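One structure below.
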Amino acid sequence: MAESNSNIKSLTVTSKGQVTLSASARKQLGIEQGTTIIEVVVGNCLVLLPQNTIMHQLRTEAAAAIQRAGVTAAEIIAETNRLAEERFAQRYPGIGE
């Protein structure tokens with residue numbers, strides 16, 4: 032006999048398109064009232080991801096990539112400012128000189 036997977040739950044969609052997440056899933060993922068959930072359609076699958084988890088993961092990965100590249104925050108800010116000034120000069124020639 033196949034074992035039941037407690038991580039698999041059936042959710043029912045209401046007439047308003049709403050679903051209720053199980054208390055155990057909310058607790059495990061730190062989802063509270065007001066938490067933003069990101070909806071991703073992958074083929075014929077629907078994936079729901081807590082935004083706070085995704086943003087934390089992206090920040091961590093970005094910080095690691097920046098560190099591996101040997102770039103400092105000050106260098107990134109300086110380059111961003113340089114590019115902004117360059118774009119401004121291209122769009123509005125003669126202004127601010």
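Going by the numbering used here, the first residue of the sequence shown is number 32, and it counts up by one from there.
By construction, the Cβ of each residue, glycine as well, lies at the ideal position given by its N, Cα and C atoms.
Values in this document were obtained by computation on a predicted structure and should not be read as measured data.
Run the CB neighbour count on Pro81, radius 10 Å, all protein chains shown included, and call it buried at 16 or more, exposed below.
Pro81 should be labelled buried.
Reducing DSSP to helix, strand and coil, say where Leu114 ends up.
helix
Mind reading off the beta-carbon distance from Leu60 to Thr51? Whole number of angstroms is fine, and I expect it under 8 Å.
Contact doesn't hold; Cβ gap of about 14 Å is too wide.
Could you tell me if Ile62 is buried or exposed, where buried requires 16 or more neighbouring beta carbons within 10 angstroms of its beta carbon?
buried
In this structure, how does DSSP classify Met32 when only helix, strand and coil are distinguished?
Here the model assigns Met32 a pLDDT of 47, short of 50, so the residue's position is not dependable and the matter cannot be decided.
What are the residues that DSSP puts in a beta bridge with Leu77?
Val72
If I measure Cβ to Cβ from Thr66 and keep anything under 8 Å in the same chain, skipping five residues before and after, which residues do I get?
The beta carbon of Thr66 lies closer than 8 Å to those of Pro81, Gln82 and Asn83 in the same chain, with the five residues before and after it left out.
Is the beta carbon of Leu79 less than 9 Å from the beta carbon of Val73?
no
Are the CB atoms of Ile85 and Ile97 within a distance shorter than 9 Å?
no
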